[in-house]
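Reading through the structure tokens given below for one structure.
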Amino acid sequence: MKKSNLLLICAAFVLAACNAPKASDSADSPVDKILLRDFNPTVVNNIPVTNVDKAKFPIIDMHSHDYVEDAGQIAQWCKNMDEVGVLHTAIMHCSWIGRPFEEVVELYAPYKDRFRFWCCFDYSDMSPEGIEKACALLERYHNELGATGVGELGDKGEGDTYARPVEGRDIHIDDPRIQPLIRKAGELHMPISIHIAEPYWMYLPMDETNDGMVNAVNWHVDTTNCYGYWKLMETFENAVRENPGTLFIACHYLNMSHDWPTLGAMLDKYPNMYVDISARVAESAHTPRATREFLIKYQDRVLFGTDNGFEPEMYRNIFRVLETNDEHFYIPEFGYHWALSAFNLPDDVLKKIYHDNAERILTEYK
Ligand SMILES: [Zn+2]
154 MKKSNLLLIC AAFVLAACNA PKASDSADSP VDKILLRDFN PTVVNNIPVT
204 NVDKAKFPII DMHSHDYVED AGQIAQWCKN MDEVGVLHTA IMHCSWIGRP
254 FEEVVELYAP YKDRFRFWCC FDYSDMSPEG IEKACALLER YHNELGATGV
304 GELGDKGEGD TYARPVEGRD IHIDDPRIQP LIRKAGELHM PISIHIAEPY
354 WMYLPMDETN DGMVNAVNWH VDTTNCYGYW KLMETFENAV RENPGTLFIA
404 CHYLNMSHDW PTLGAMLDKY PNMYVDISAR VAESAHTPRA TREFLIKYQD
454 RVLFGTDNGF EPEMYRNIFR VLETNDEHFY IPEFGYHWAL SAFNLPDDVL
504 KKIYHDNAER ILTEYK
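Start counting the sequence shown at 154; every next residue gets the next number (the working numbering).
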């Protein structure tokens, strides 16, 4: 056989091997079988994995709830806080189906140095006289029971459905009827923590175009008969603008972590507005560079919060995202299919977000 013929035959073999059907081309390709909700990849990259056992600076957790069943669990919570470096924690009583505010304060009394309490607005009587009584109750909670703030109020479109014991259905934060309560909170120097809307993906069609669908489907908001995302933002902005003497903490980055420029513009406009970072690690750590830039630019207006129980691991996941330079990792509990990357925040920024901004609110705003 001539040498050139042999070469041709070899080339034909190579081509045939390259063109052999791949698993992804065949009818029973795993790509056609694996559901997005089952996507659970193993990272193969040889890249740093950093465990942060304890926060780099002492922390004030500005967003938590009454997760305990009994006093014994409060003792365990304090131990966990010591272990991970949390000085004290704000308990948002509102939005919590459980014991009444008075009982919460009593239960935590032996550990009162470690916890602060946010209470509800009372919507049981919406007449002007009723609202006057609600203002008096707020004052009593503040003066006698030591309520530090109000919240977490929560409006996903149908009004403040987080309120306890009476839901504020159809009562939005800019409702003229509750403005005396908002002013009263300002007079008493009680910040109002409020959860407005949900992350933007929860309002989009649940189809193949929805980037956050895997988690969004669990929290999908049907706005057929209630306010939509941007209308809710308008109610919040109205309240913040009309009540410059009241300090508002927009929980979960105001559920606007998909749109840092718009959120930043609001912070620029309203000095009486802060955001907390609670429960939005996954929604911000898939865009680490943009988030880092936002956190650095608004380092004086961002508060640390958790909103997710009191296991040490829960805190550590957040520390890893804020403190390290790790990239492309998954935290399956957050429910999204995307990988996360950490922010590697500078120390001075970290210290403000962990502690100093909250401390300023809790002392100077008092
Ligand atoms: Zn919460």
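C-beta atoms are modelled at their ideal positions from N, C-alpha and C, and glycine is treated no differently.
It should be emphasised that the depicted structure is a prediction, and the values quoted were computed from it without experimental measurement.
Straight-line Cα distance separating residue j from residue i
| i | j | result |
| --- | --- | --- |
| R513 | L407 | 20 angstroms |
| A403 | P183 | 43 angstroms |
| T301 | L416 | 26 angstroms |
| A164 | A495 | In this prediction, A164 scores a pLDDT of 49, lower than 50, which makes its location untrustworthy; the coordinate-derived value is nonetheless stated afterwards. Answer to the nearest angstrom: the Cα atoms are 47 angstroms apart. |
| P358 | H373 | 9 angstroms |
| A492 | F254 | 39 angstroms |
| R454 | I187 | 42 angstroms |
| E305 | K286 | 20 angstroms |
| G283 | H348 | 24 angstroms |
| Y356 | D364 | 12 angstroms |
| V303 | P333 | 14 angstroms |
| I326 | N391 | 8 angstroms |
| G310 | Y518 | 30 angstroms |
| K207 | A228 | 19 angstroms |
| W230 | Y468 | 12 angstroms |
| H216 | W354 | 23 angstroms |
| A316 | V196 | 42 angstroms |
| N378 | D323 | 11 angstroms |
| H295 | S280 | 22 angstroms |
| H439 | G307 | 25 angstroms |
Bridge partner(s) assigned by DSSP for residue i
| i | result |
| --- | --- |
| A243 | R269 |
| V393 | Paired residues: none, contrary to the question. |
| L456 | D429 |
| G312 | R322 |
| L493 | F482 |
Where residue i falls, given that 16 or more other Cβ within 10 Å makes a residue buried
| i | result |
| --- | --- |
| S277 | exposed |
| R138 | The structure shown does not extend to residue 138, since the chain spans only 154 to 519, so no value can be given for it. |
| P344 | buried |
| E222 | exposed |
| A224 | exposed |
| N371 | exposed |
| A511 | buried |
| F192 | exposed |
| N396 | buried |
| R473 | buried |
| K337 | buried |
| T516 | exposed |
| N478 | exposed |
| A289 | exposed |
| C171 | Any reading at C171 needs caution, since the residue's pLDDT is 49, under 50, leaving its predicted position unreliable; the model's value is listed next. Per the 10 Å Cβ criterion, exposed. |
Enclosing beta strand (DSSP E) for residue i [first to last residue]
| i | result |
| --- | --- |
| T301 | A300 to D308 |
| V428 | M426 to D429 |
| A403 | F401 to A403 |
| D214 | I212 to S217 |
Residue i, DSSP secondary structure in three states
| i | result |
| --- | --- |
| R447 | Rather than Arg, the amino acid found at residue 447 in this sequence is Phe. F447 falls in the helix class under three-state DSSP. |
| H348 | strand |
| V257 | helix |
| M279 | coil |
| V474 | helix |
| F184 | The residue asked about is misnamed: residue 184 is Val in this sequence, not Phe. Correct three-state label for V184: helix. |
| A224 | helix |
| V237 | helix |
| G339 | helix |
| D327 | coil |
| L407 | helix |
| F482 | strand |
| L357 | coil |
| A208 | coil |
| I284 | helix |
| D509 | helix |
| P441 | helix |
| T388 | helix |
| E517 | coil |
| Y264 | helix |
| V502 | helix |
Alpha helix (DSSP H) segment containing residue i, residue limits
| i | result |
| --- | --- |
| A435 | V434 to S437 |
| I323 | The sequence given here places Asp at residue 323; Ile does not occur at that position. No alpha helix (DSSP H) holds D323; DSSP gives it neither H nor E. |
| P414 | W413 to K422 |
| M366 | M366 to A369 |
| R190 | Note, R190: premise wrong, no alpha helix (DSSP H); not H, not E. |
Minimum Cβ-Cβ distance from residue i to chain E less than 8 angstroms
| i | result |
| --- | --- |
| H216 | No chain E is present in this structure, which holds just one protein chain. |
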